[in-house]
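Numbering (this note's numbering), first residue to last: 68 to 360.
The structure is reproduced here in structure tokens:
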């Protein structure tokens, strides 16, 4: 089958697909509505909203690319991530992301850490990362010896599971929103009781109907397609090279085994075999050259 036929049409993407998620949430109003549903309060975002914001502390350090980064009128910052594929490192990845966000917030020379912004890292997943059936898992630092003692460092990490089952513990709006994220259809939006979800869906429709976004989607898909093809070709070439090297090595081993076997069959001692192998150094060097060719 032609790999190009695997392209999912733009109007069939769900918000769990990073491309649609970023295009929709790059709009501050759509992101503001989503944050309001998630946090259960109004979040008055500033007009600036960044998609694929890159953070790096030095040229040698690993950079990160944040899906959606925004700030509200009180200078609290929000990094909202869509993670469709299950990975084992998501908890530690969230730690790394939040640390880089913190580093980017204080200008050099500022000694007062109390000026560090309130920070929210929100990761949305179509799977239950922690296996407890919750729609939302909220993490803040607490004291092990005194659980009621919270470390008020201003950092909050929230993991959202679109497949939660604890409907009686969260708002109906959050449950509807997370269902809509995984099933981003006109029907899901129409059946939702939330006006905020309908306004988000208005943005989804605009994105899906935009010719400019359609071209951008095709270009992004083409780029990813060719990157995968190039990686596949490099992997095949590397595998073939390793196979040839292993074949030559195995051939050299067999030749040496045959040489030793013949000497043993003739009743030669180990010492005599060692002497014979030293005398055949030229032959061994030739084998080495074959392996390196």
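Built from N, CA and C at the ideal position, the CB exists for glycine as well.
{"Asked": "Contact the segment 233–249 vs the segment 209–225: 3+ CB pairs below 8 Å", "Found": "no"}
{"Asked": "CB of residue 146 within 9 Å of CB of residue 189, strictly", "Found": "yes"}
{"Asked": "Meets three-Cβ-pair contact criterion under 8 Å: the segment 111–118 and the segment 160–169", "Found": "no"}
{"Asked": "Rounded separation between residue 77 and residue 224 - CA only", "Found": "30 Å"}
{"Asked": "Residue burial classification, residue 203 (beta-carbon count within 10 angstroms, cutoff 16)", "Found": "buried"}
{"Asked": "CA-to-CA distance, residue 241 to residue 105, given in whole angstroms", "Found": "6 Å"}
{"Asked": "Continuous alpha helix (DSSP H) assignments of at least 4 residues falling wholly in the segment 136–190", "Found": "157–172"}
{"Asked": "For residue 375, the three-state DSSP class (helix, strand or coil)", "Found": "This structure cannot speak to residue 375, because the chain is shown only from 68 to 360."}
{"Asked": "Three-state class that DSSP yields for residue 85 in the structure shown", "Found": "helix"}
{"Asked": "Whole-angstrom distance between residue 276 and residue 196, CA atom to CA atom", "Found": "34 Å"}
{"Asked": "DSSP-derived helix/strand/coil call for residue 208", "Found": "coil"}
{"Asked": "Opposing strand residues paired with residue 243 [DSSP bridges]", "Found": "Answer is none; residue 243 lacks a bridge partner."}
{"Asked": "Residue 222: first and last residue of the uninterrupted beta strand (DSSP E) it sits in", "Found": "222–228"}
{"Asked": "Spatial neighbours of residue 287 in its chain, beta-carbon cut-off 8 Å, leaving aside the 5 residues before and after", "Found": "86"}
{"Asked": "Span separating the alpha-carbon of residue 230 from that of residue 176", "Found": "45 Å"}
{"Asked": "Nearest candidate by alpha-carbon position, reference residue 375, set 179, 215, 210, 226", "Found": "Outside the displayed range of the chain (68 to 360) lies residue 375, so it cannot be described from this structure."}
{"Asked": "According to DSSP, residues forming a beta bridge with residue 30", "Found": "No information on residue 30 is available, as it lies outside the stretch 68 to 360 that the chain covers here."}
{"Asked": "Sequence-distant residues of its chain with Cβ nearer than 7 Å to residue 79 (five each side left out)", "Found": "none"}
{"Asked": "Helix, strand or coil at residue 265 [DSSP, three-state]", "Found": "helix"}
{"Asked": "Segment limits, alpha helix (DSSP H) that includes residue 102", "Found": "95–106"}
{"Asked": "According to DSSP, residues forming a beta bridge with residue 203", "Found": "227"}
{"Asked": "Paired residues, beta bridge with residue 112 - DSSP", "Found": "139"}
{"Asked": "Terminal residues of the alpha helix (DSSP H) in which residue 256 lies", "Found": "253–258"}
{"Asked": "Spatial distance of residue 279 from residue 285 (CA atoms)", "Found": "10 Å"}
{"Asked": "Exposed unless 16 or more other CB atoms sit within 10 angstroms - verdict on residue 74", "Found": "exposed"}
{"Asked": "Collapsed DSSP secondary structure at residue 237 in the structure displayed", "Found": "coil"}
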